[in-house]
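Asks:
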Amino acid sequence: MGGTPLHHALHYGLKKEVELLLRRGGADPNSATDNGLSPLHIVCLRDGDDEDLARMFFQINDELHRRVEVDARDRLDSTPLHTAIYYGNKNLVEFLLRRGADANFADKNGSTPLHFVCGREVEDVDLAKRFFEVCDRLNQPVPIESRDNSNNTPLHLALIRGHKKIVELLLRRGAGPNLANEEGETPLHTICQGDNDDDDLATMFFEINDELHVSVLIDAKDKGGPHTSSICSGQSLAEGSRCTSWIVAPICPASFSPPRATFGKDLENDRLDSKPRLTFEAVAVVERLERRGYEPVRDDALTIMQFFYPAEHGLFADKSSEFEAELPSRGFFR
Numbered sequence: 001m002g003g004t005p006l007h008h009a010l011h012y013g014l015k016k017e018v019e020l021l022l023r024r025g026g027a028d029p030n031s032a033t034d035n036g037l038s039p040l041h042i043v044c045l046r047d048g049d050d051e052d053l054a055r056m057f058f059q060i061n062d063e064l065h066r067r068v069e070v071d072a073r074d075r076l077d078s079t080p081l082h083t084a085i086y087y088g089n090k091n092l093v094e095f096l097l098r099r100g101a102d103a104n105f106a107d108k109n110g111s112t113p114l115h116f117v118c119g120r121e122v123e124d125v126d127l128a129k130r131f132f133e134v135c136d137r138l139n140q141p142v143p144i145e146s147r148d149n150s151n152n153t154p155l156h157l158a159l160i161r162g163h164k165k166i167v168e169l170l171l172r173r174g175a176g177p178n179l180a181n182e183e184g185e186t187p188l189h190t191i192c193q194g195d196n197d198d199d200d201l202a203t204m205f206f207e208i209n210d211e212l213h214v215s216v217l218i219d220a221k222d223k224g225g226p227h228t229s230s231i232c233s234g235q236s237l238a239e240g241s242r243c244t245s246w247i248v249a250p251i252c253p254a255s256f257s258p259p260r261a262t263f264g265k266d267l268e269n270d271r272l273d274s275k276p277r278l279t280f281e282a283v284a285v286v287e288r289l290e291r292r293g294y295e296p297v298r299d300d301a302l303t304i305m306q307f308f309y310p311a312e313h314g315l316f317a318d319k320s321s322e323f324e325a326e327l328p329s330r331g332f333f334r
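Counting along the sequence shown from 1, when you hit position 165 you're at 165 in the UniProt record's numbering, and nothing is skipped either side.
1) Cutting at 8 Å between CB atoms, please list the residues of its own chain near Phe95, excluding the five before and the five after it.
2) So, helix, strand or coil for Val248, using DSSP?
3) State the Cα-Cα distance for the pair Thr228 and Ile208, rounded to the nearest angstrom.
4) Measure the Cβ-Cβ separation of Ile60 and Arg99 and say whether it is below 8 Å.
5) Starting from the Cα of Ile191, find the closest Cα among Ala158, Glu183, Leu170 and give me that residue.
6) Rounded to a whole number of angstroms, what is the C-alpha to C-alpha distance between Ala106 and Asp148?
7) Below 8 Å, how does it come out for the segment 136-144 and the segment 120-127: are there three or more Cβ pairs, yes or no?
8) Following the continuous alpha helix (DSSP H) through Gln59, name the residue where it begins and the one where it ends.
9) In whole angstroms, what is the alpha-carbon distance linking Leu127 and Glu145?
10) Since Asn91 is in the alpha helix (DSSP H), which residue starts that stretch and which ends it?
11) With DSSP as the reference, label Ile218 as helix, strand or coil.
12) Tell me which same chain residues have a C-beta within less than 6 Å of the C-beta of Gly3, skipping the five on either side of it?
13) For Asn149, which of helix, strand or coil comes out of DSSP?
14) Let me make sure I understand the geometry here. Which of Ser150, Thr83, Asp102 has the alpha-carbon closest to that of Gly110?
15) Would a C-beta distance cut-off of 8 Å place Pro177 and Val216 closer than the cut-off?
16) Is the distance from the Cβ of Pro29 to the Cβ of Val70 below 8 Å?
17) Excluding the five sequence neighbours on either side, which residues of its own chain have a C-beta within less than 7 Å of the C-beta of Ala84, listed in chain order?
18) Going straight from the alpha carbon of His8 to that of His115, what length do you get?
19) On a Cα-Cα basis, can you pick out the residue from Glu183, Glu182, Leu188, Glu133 that is closest to Arg173?
20) What three-state label does DSSP hand residue 367 in the structure shown?
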């Protein structure tokens, strides 16, 4: 670690030794390890959410008139607040904010503490709520649409992780549903291209925006070109998704063209034990499109039909190498 005795004493939670080092040893409360970790970073990365240790650390330094850098940065420009959030230490998060930590400092990746809250591997909506509540009480504004270096907003990150409760919290606090990142991907692109199979996320996203009277752009194009509606409808068809009713209902039939390159690519092998259900639901989606006036051209038909007779998915065995030539006689499209 390359730290001082103070770093080590804090790491192991040795309060008496910490006090001795500060009061009698003249230990620097802001010294950094080889990785740029300050003593306060060490407090915040420990297990146990030890607010008492942090409180003692500040109290002793206050008595000694030594200033603790509450926004000290490590080699990645992460502050102790970033660190406390990363490790889910809620009490320390509140304590740091009350001690003056900046809720909006960005690290080298452009990630603010709110990005960290939303991008955690495990959803912690209580942490998110507490973060906002404390900042509100302290009159410290938190830009809900802050961008990291990839122009991702906290909403993008929450959707990538599938954190439904945090997504709802962000939307109700004013997060825009149509902001695009550097790839041109809106939150709706993120939902449709995600790895999770939770249709409720898409349904909830539309329901909340409807409730808030906020329009969701479904024809936004990312830098790759496809309309959001094409990606979503195509992926929903490939996965038999219930959320298709939200995507298909408003699209212009002429604008739908399932992207062959990515169509069904994320279909997981463990879902192939439900072939009859997938087949039934995929056909239902096609019928929904047709009721909207969609008439597939030959390329669209081939793209969709490859879902039923592909080498990699195998919903059915490929009964003919001349499947494309036989397409008009199959009666699936009229």
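Even glycine gets a Cβ: it sits at the ideal position worked out from N, Cα and C.
Replies: Here's the rundown:
1) Glu51, Ala54, Arg55
2) In this predicted model, Val248 has a pLDDT of only 47, less than 50, meaning its place in the structure is not dependable enough to derive any value.
3) Note that Thr228 has pLDDT 49, beneath the 50 cutoff, so the model's placement of it is unreliable and no number is given.
4) no
5) Ala158
6) 8 Å
7) no
8) 51-63
9) 18 Å
10) 90-98
11) coil
12) Thr33
13) coil
14) Ser150
15) yes
16) no
17) Cys44, Leu92, Val93, Leu96
18) 29 Å
19) Glu133
20) The chain is shown only over 1 to 334; residue 367 falls outside these bounds and no answer can be derived.
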